[in-house]
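Novice:
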Amino acid sequence: MPDWRTLAEVEQQTGLVSGEWVFRGTRVPVAALFENLRDGATIEQFIEWFPGVTLSQVRAVLDCEASTAHAG
22 MPDWRTLAEV
32 EQQTGLVSGE
42 WVFRGTRVPV
52 AALFENLRDG
62 ATIEQFIEWF
72 PGVTLSQVRA
82 VLDCEASTAH
92 AG
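First residue of the sequence shown? That's 22 in the working numbering, and the numbers climb one at a time after it.
Below is the structure:
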């Protein structure tokens, strides 16, 4: 599991979306990205469906996830 605390593109606040990790400046949970990709959505679709989430945020999250997967 990635250490999201090291990633500036996401944040976690107790009173925001039940304390889940979200894309910084939004209420969109990071988990929503992985759920949508798993269900066949493209990155472009995800960004279109969730205004406020940027391509650079998505790339940073995916890079963090990939580096964690390779480390394990």
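Positions of the beta carbon are idealized from the N, C-alpha and C atoms, including for glycine. Bear in mind that the values here come from a model prediction, so they are computed numbers and not experimental data.
Among the candidates 38, 49, 36 and 34, whose CA atom is the shortest distance from the CA of residue 82?
Specialist: Residue 82 has its Cα closest to that of 49, out of 38, 49, 36 and 34.
Novice: With a threshold of 8 Å, are at least 3 pairs of Cβ atoms found where one atom belongs to the stretch 69-85 and the other to the stretch 35-45?
Specialist: Segments in contact, yes.
Novice: Per the DSSP calculation, residue 72 is bridged to which residue(s)?
Specialist: For residue 72, which the question treats as bridged, DSSP gives no partner whatsoever.
Novice: Between residue 86 and residue 23, how many whole angstroms is the CB-CB distance? I'm expecting something under 8 Å.
Specialist: With a Cβ gap of about 5 Å, residue 86 and residue 23 count as contacting.
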